[in-house]
């Protein structure tokens, strides 16, 4: 029987991927990736013809690759049918030569679009998976003879529904991965800036990964009854609407990074300036609201800050607006009841919600659906509509849909809707009236850790009756999974986008520099909520996907380090990846994706490297703001997410940031966060999020640390160049052009405004 690995925390300083020394150079930048895992290239992931995994060569053979052979040399030396370089460059050309997969002979490089290395390869590795001898009562794997006796253990499951894929992971008491499965789902991109998901595809992916993960668990000799509960984590802000009577979606979900709602944002910015949000302490007389849904009051106590202006208005104006809202379920509000005090301007909205008015958040997406989707509008008017984010939709499906399905949303997801008071954690009536949304469509707001209900027999899964005990938005889940449970701790997740969260404890901090104030988690219905400051970067891994799928600079995302590492720098190129504007800390929805600094010297390798640097520059900008807000200098940044598979990207982050970057071997922090909350609610393993010491044996695999390797002067020069590039990308799109284009497409596609 093999010996369980040492679980003590280890810290490894990796050899720099930017080092210029070494005996086996592989290109102009002498970059040799070193990874703790090296999954082989998976042809199944490729969107084009697969490429052959390179075989290891002798040092003499690898050294010869430092100069790429010309077309004629290849043809003369290799004979018919052999590899012919497609480069148009003459053998006399000078300058850097981008390295391709066929030129590379180093260790296999992992995907940077999946936390695990590849969507079709195991999420677990030697650091993160539990060995057989580590299982409680294990005696090795059972034989597949049909007469197996399955053992019972104690495990916790996590359903992680991201932007491009869903995974189900089963953890043990030390957060080792016992079994897992991952599946991608379709990305619907009907128009520039539009991004949709089919809600039924999300449910199909969920049931598929649960089924396959449980099959793997049983193959390993463990009974499905070993799974004592599940947690759920999800892409936030993505908005779903469905019919209360049928349980079926009314339209496609609008994804968090969708930018079609610019016109809606401008409309409500004007409304904030002219009318503002009401301030009143009246109890609402609401009809049609489901049991236990708490609707707060709109008084002064609902705001956590007073940066925005509070002004008096006439009762006549307020009464006119309230009369228009009576049909939305706010009965008994006539002119006499009209508020005379209002919060005006964008800052007044932030004082209540912690969020700026942006295309990013759910209320804006819901308002667009109501204005442009007839099925949604009709169901809203008929009181047959249910609204939620992805967590709401998945829980509804798991618990029976129209046959008694739960309609709930956890506080972290609710805090991203623009519809709750961050202070009271309740739906805020002035915001519902402001956006014209019926209270009857709203789910019940719940904590991040409690037993909400059980998986229904009406859904075909092997986990019928298993309790659902944890729900949390994906970025907050990563904060919990990285055990950033104390005030002052921070993490950055590099996935489709990149998200920095800084724990502010029980205090709501009002940012003066463009960060979002948000809920980090609430560890139970009666627990004091923990808050955070967040910097959201819209584009990270999606820029690499763009290089692969749209620009075809690479065949697989695993080639990024090879290509970007074949040059020593970007050659003066900066890539501002503002595909749908810029989020924190710039907040410029009119910014455009911009590549600047191009010369005749520029190659695809420079652009690839600039793509990685873009994520690092934006992360540095967000962390600069956090340091200003907190007055604390960040020494080490904890990281997770797919892009962190790249040694090169993490070394660039350390260089540009000027701080250490700590990358754990166990990078499924998002899934682990929801598992920790579910186990906390169920009392499993002794895990208690209010007592971090109870998690001392959780996620203790090795941590690889990247340290800065450039001086302050060089760093400042790079950052100055980045800021100049950002200035040129800002305010590129004009309102008139955008509105005209959106109106044209909406008309052509049958989504014209309904009134």
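Numbering (the numbering used here), first residue to last: 73 to 827.
In this text, a Cβ means the ideal position worked out from N, Cα and C, and glycines have one as well.
Please read these numbers as outputs of a predicted model, since none were measured by experiment.
Checklist entry - If you draw a straight line from the alpha carbon of residue 772 to that of residue 308, how long is it in whole angstroms? => result 28 Å
Next on the checklist: So within the segment 646–681, which uninterrupted beta strand (DSSP E) runs reach at least 3 residues, ignoring any that extend past its ends?
Outcome noted: 646–648, 666–668
Checklist entry - For residue 714, which of 568, 706, 365 has the nearest alpha-carbon? => result 568
Next on the checklist: DSSP three-state label for residue 603, please.
Outcome noted: strand
Checklist entry - When the Cβ atoms of the segment 556–571 are set against those of the segment 610–624, are three or more pairs found closer than 8 Å? => result yes
Item to check | Strand pairing of residue 237, partner residues [DSSP] | outcome: 256
Next on the checklist: Let me check one thing: in DSSP terms, what residues is residue 527 bridge-paired to?
Outcome noted: Answer is none; residue 527 lacks a bridge partner.
Checklist entry - In three-state terms, what does DSSP make of residue 589? => result strand
Item to check | Cβ-Cβ distance between residue 608 and residue 588 below 8 Å | outcome: yes
Checklist entry - Would you say residue 295 touches the ligand PLP, meaning its beta carbon is less than 7 Å from a heavy atom? => result Ligands are entirely absent from the displayed structure, and the ligand PLP is therefore not among its contents.
Checklist entry - When you compare only the Cα positions, how much space is there between residue 365 and residue 266? => result 32 Å
Item to check | Enclosing beta strand (DSSP E) for residue 444 [first to last residue] | outcome: Where residue 444 is concerned, there is no enclosing beta strand (DSSP E), although the alpha helix (DSSP H) it sits in stretches over 434–444.
Checklist entry - Can the beta-carbon of residue 636 be found closer than 8 Å to that of residue 684? => result yes
Item to check | Cut-off 7 Å between Cβ atoms - residues of its own chain near residue 474, not counting five sequence neighbours on either side | outcome: 317, 318, 319
Checklist entry - Across which residues does DSSP place residue 516 in a beta bridge pair? => result 480
Next on the checklist: In the DSSP output, which residue or residues are listed as bridge partners for residue 577?
Outcome noted: 603
Checklist entry - Around the Cβ of residue 704, are there at least 16 other Cβ atoms within 10 angstroms (buried) or fewer (exposed)? => result exposed
Next on the checklist: Does residue 261 pass the burial test, meaning 16 or more other C-beta atoms within 10 Å, or should it be called exposed?
Outcome noted: exposed
Next on the checklist: Tell me the DSSP secondary structure of residue 319 in three-state form.
Outcome noted: coil
Checklist entry - Who does residue 566 pair with in a DSSP beta bridge? => result 570
Item to check | residue 142 versus residue 682: straight-line alpha-carbon distance, rounded | outcome: Any reading at residue 142 must be qualified, since the residue scores a pLDDT of 36, below 50, and its modelled position is unreliable; no value is offered.
Item to check | Neighbourhood of residue 435 by C-beta, 8 Å cutoff - its chain only, sequence neighbours within 5 removed | outcome: 489, 490, 491, 503, 507, 509
Item to check | Enclosing alpha helix (DSSP H) for residue 279 [first to last residue] | outcome: 271–291
Next on the checklist: So, at 7 Å on beta carbons, what are the nonlocal neighbours of residue 136 in its own chain, with the 5 sequence-adjacent residues on each side left out?
Outcome noted: Bear in mind that the predicted position of residue 136 carries a pLDDT of just 38, short of 50, making it too unreliable to give a figure here.
Checklist entry - Apart from the five residues on each side of it in sequence, which residues of its chain come closer than 6 Å, Cβ to Cβ, to residue 732? => result 708, 777, 779
Next on the checklist: Mapping the DSSP letters down to three states, classify residue 790 as helix, strand or coil.
Outcome noted: helix
Item to check | Rounded straight-line distance, which links the Cα of residue 740 to that of residue 425 | outcome: 30 Å
Checklist entry - Does the Cβ of residue 673 have 16 or more other Cβ atoms within 10 Å, making it buried, or fewer, making it exposed? => result exposed
Checklist entry - What's the gap between the Cα of residue 802 and the Cα of residue 656? => result 13 Å
Checklist entry - Which residue or residues does DSSP assign as beta-bridge partners of residue 862? => result An answer regarding residue 862 cannot be provided, because it is not within the stretch 73 to 827 covered by the chain.
Checklist entry - Which residues in the same chain as residue 583 place their Cβ atom closer than 7 Å to its Cβ, once the five residues preceding and following it in sequence are excluded? => result 589, 605, 701
Checklist entry - Bridge partners of residue 458, per DSSP? => result 314
Checklist entry - Looking at C-alpha atoms only, which residue of 468, 763, 421, 735 is the closest neighbour of residue 748? => result 763
Next on the checklist: Is it buried or exposed, residue 623, if we count other Cβ atoms within 10 angstroms and call 16 or more buried?
Outcome noted: exposed
Checklist entry - Between which two residues does the alpha helix (DSSP H) carrying residue 745 extend? => result 741–754
Checklist entry - Contact check, residue 285 vs residue 242 under 8 Å by CB: the rounded distance? => result 6 Å
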